[in-house]
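Under the working numbering, the first residue of the sequence shown carries the number 1489, and numbering increases by one thereafter.
A virtual CB, placed ideally from N, CA and C, is assigned to each residue, including glycine.
This one's a predicted model, so the numbers in the text were calculated from it and none came from an experiment.
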Amino acid sequence: MNDLEGVALSVSVAAAVGAAGVVALFALARRRVALAATLAPLVVVGSVAAGVYASAQAMFLSDADSTTVLLLLLATVPVALAVGLVLTARIRAVTTAAAAEKAARERDREIEVRRRELVSWVSHDLRTPLAAVRALAEALEDGVGQVDEHVPRILAENRRMTAMVDDLLTLSRLQSPATTPHREPVAVADLASDAIAAAQPLADAGGVVLAWDVTEPVVTSLDAQQVGRALENLLVNAIRHTRPGGTVRVAVASEADPAGARTVVIGVEDECGGIPEADLERVFEAGWRSSGARTPERSERGDSPGSGAGLGLSIVRGVAEAHGGTARVTNIPAPGGGGCRFTLRLPTKTR
């Protein structure tokens, strides 16, 4: 075999081995991209090795020389693997950074959308009491109506606007990284009892029965003001969406998580008719309101905690997260069409 034929043979063998390796890498990359990237340099080494070894055989080298050439080629395998590992690590780092950057952009976009929606909703809700106050004040200025008729309504609208502003400030504080709960030992049953007492007038006005159950006394370290506010918001939300004659149930218990740590569980069940499954993940978003199966909120029940601006449940979630806990909602079967169970889970901690 002449030199030209030997070169042609070695090139053909190298090309064939390389093509087979590329096809195998493409097939592997569909399932395991990282492994394919690690093995990619081996394809190049294998292709070159096959070509060189074929050329050596074509030149009729001795067995000892052929073995030496083969061993030299095999010595490049660890280097190729090292290059492949470095390449894989770099690809993973770039991919992770790109995914994190994309996720951050999505979060920023979602936050901005929610912020604009919240501003729009709150602005809309503030217009109503502002318009009412202005109309009543102008009526008084024009001598239309009685003072004892208009002043109570002005004060009621003022309280409504004040509640909205208070909710906005509370939500802002809860979302601030610098805010930490002021923890102190508190009997959770007492907090629940106080919240029920505060919500009782609203329940009486709407014909809703309040019932509660405490399976065991639970004392833990938490921010009594924040958790009490969250409980009141849950109760007000449940009462407003329960039909007259329905029942709102409050339960306080202590459970052990899989790791053995104790968790305070506060549940509020209503008879609201249920929430569409697609909306369950959104009920704690600021300003969000369902247009699904849930019983419409009735505002004629009188003054109560909460602004009506859709911030009450967002505050509940903020309080839960500030304490290292969670707030969840699930649909439950109940007489008269079903209802919801809002669950506040707070890890027990000592001061």
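Identity of the residue in the options nearest residue i by Cα
{"i": "A1766", "options": "G1716, A1718, T1818, V1715", "result": "T1818"}
{"i": "A1741", "options": "P1764, D1701, P1529, D1678", "result": "D1701"}
{"i": "L1799", "options": "V1610, P1669, R1728", "result": "V1610"}
{"i": "L1707", "options": "R1648, R1750, R1717, R1518", "result": "A small fix is needed here, since residue 1707 is Val in this sequence, not Leu. Comparing Cα-Cα distances from V1707 to each of R1648, R1750, R1717, R1518, the minimum goes to R1750."}
{"i": "R1604", "options": "A1680, D1678, I1684, E1773", "result": "E1773"}
{"i": "V1738", "options": "N1721, A1503, T1836, P1764", "result": "N1721"}
{"i": "A1538", "options": "V1565, L1628, T1650, L1513", "result": "V1565"}
{"i": "V1697", "options": "V1756, E1594, T1555", "result": "V1756"}
{"i": "A1563", "options": "G1534, L1690, I1803, V1752", "result": "G1534"}
{"i": "I1727", "options": "I1684, A1588, V1753, L1657", "result": "I1684"}
{"i": "L1690", "options": "V1736, A1625, L1559, A1592", "result": "V1736"}
{"i": "A1568", "options": "S1709, T1555, A1528, D1678", "result": "A1528"}
{"i": "G1826", "options": "T1814, A1815, D1758, V1807", "result": "D1758"}
{"i": "G1763", "options": "R1816, L1560, L1561", "result": "At residue 1763 the sequence reads Ile, which differs from the Gly that was named. It is R1816 whose Cα lies nearest to the Cα of I1763."}
{"i": "V1510", "options": "R1520, R1519, V1521, V1532", "result": "V1532"}
{"i": "L1659", "options": "A1808, A1581, A1687, A1577", "result": "A1808"}
{"i": "P1821", "options": "V1635, G1806, C1760", "result": "C1760"}
{"i": "I1754", "options": "L1618, D1678, R1661, R1622", "result": "D1678"}
{"i": "R1442", "options": "L1618, P1673, R1671", "result": "This structure leaves residue 1442 out entirely; the chain is present only between 1489 and 1839."}
{"i": "T1667", "options": "A1586, E1598, G1806, F1514", "result": "G1806"}
Status (buried if at least 16 other CB within 10 Å, exposed otherwise) for residue i
{"i": "A1810", "result": "buried"}
{"i": "N1725", "result": "buried"}
{"i": "A1646", "result": "The displayed chain sequence assigns Asn, not Ala, to residue 1646. Per the 10 Å Cβ criterion, exposed."}
{"i": "L1606", "result": "buried"}
{"i": "S1787", "result": "Its pLDDT being 46, under 50, S1787 is placed unreliably by the model, and the measurement read from it follows with that caveat. By the neighbour-count rule (16 or more Cβ atoms within 10 Å), S1787 is not buried but exposed."}
{"i": "S1664", "result": "exposed"}
{"i": "S1802", "result": "buried"}
{"i": "G1812", "result": "exposed"}
{"i": "V1715", "result": "buried"}
{"i": "G1633", "result": "exposed"}
{"i": "V1621", "result": "buried"}
{"i": "A1552", "result": "exposed"}
CB-CB length for residue i against residue j, believed under 8 angstroms
{"i": "L1530", "j": "L1523", "result": "Not confirmed; about 11 angstroms, so no contact."}
{"i": "P1705", "j": "A1744", "result": "So it is not a contact: roughly 16 angstroms between Cβ atoms."}
{"i": "A1718", "j": "V1804", "result": "5 angstroms"}
{"i": "G1695", "j": "P1640", "result": "Incorrect: roughly 24 angstroms between the Cβ atoms, too far for contact."}
{"i": "T1836", "j": "V1752", "result": "6 angstroms"}
{"i": "G1572", "j": "A1525", "result": "6 angstroms"}
{"i": "A1687", "j": "L1723", "result": "4 angstroms"}
{"i": "H1638", "j": "L1657", "result": "Not really, about 29 angstroms apart at Cβ, beyond 8 angstroms."}
Straight-line Cα distance separating residue j from residue i
{"i": "I1579", "j": "A1570", "result": "14 angstroms"}
{"i": "I1642", "j": "T1703", "result": "44 angstroms"}
{"i": "R1770", "j": "G1631", "result": "47 angstroms"}
{"i": "R1829", "j": "D1655", "result": "23 angstroms"}
{"i": "Q1713", "j": "A1680", "result": "12 angstroms"}
{"i": "V1653", "j": "T1730", "result": "26 angstroms"}
{"i": "A1496", "j": "D1596", "result": "59 angstroms"}
{"i": "G1506", "j": "A1588", "result": "35 angstroms"}
{"i": "S1608", "j": "R1615", "result": "11 angstroms"}
{"i": "A1485", "j": "D1613", "result": "Only positions 1489 to 1839 of the chain appear in the structure, and residue 1485 is not among them; the question remains open."}
{"i": "R1518", "j": "L1560", "result": "33 angstroms"}
{"i": "E1629", "j": "E1594", "result": "52 angstroms"}
{"i": "T1583", "j": "R1661", "result": "35 angstroms"}
{"i": "L1477", "j": "A1581", "result": "One cannot answer for residue 1477 here, as it falls past the ends of the chain, which runs 1489 to 1839."}
{"i": "P1669", "j": "A1699", "result": "29 angstroms"}
{"i": "A1592", "j": "D1692", "result": "47 angstroms"}
{"i": "L1834", "j": "L1575", "result": "45 angstroms"}
{"i": "R1520", "j": "A1577", "result": "14 angstroms"}
{"i": "E1672", "j": "A1585", "result": "41 angstroms"}
{"i": "L1558", "j": "F1514", "result": "27 angstroms"}
{"i": "E1598", "j": "V1635", "result": "47 angstroms"}
{"i": "R1602", "j": "V1536", "result": "58 angstroms"}
{"i": "T1814", "j": "E1600", "result": "24 angstroms"}
{"i": "D1682", "j": "G1734", "result": "21 angstroms"}
{"i": "E1626", "j": "A1651", "result": "24 angstroms"}
{"i": "T1555", "j": "K1590", "result": "52 angstroms"}
Any C-beta of chain D under 8 angstroms from that of residue i
{"i": "A1504", "result": "Annotation note: the requested chain D is absent from the structure, which comprises a single protein chain."}
Cβ pair count under 8 angstroms reaching 3, the stretch 1537-1544 against the stretch 1497-1507:
Flag = yes, the stretch 1537-1544 and the stretch 1497-1507 touch.
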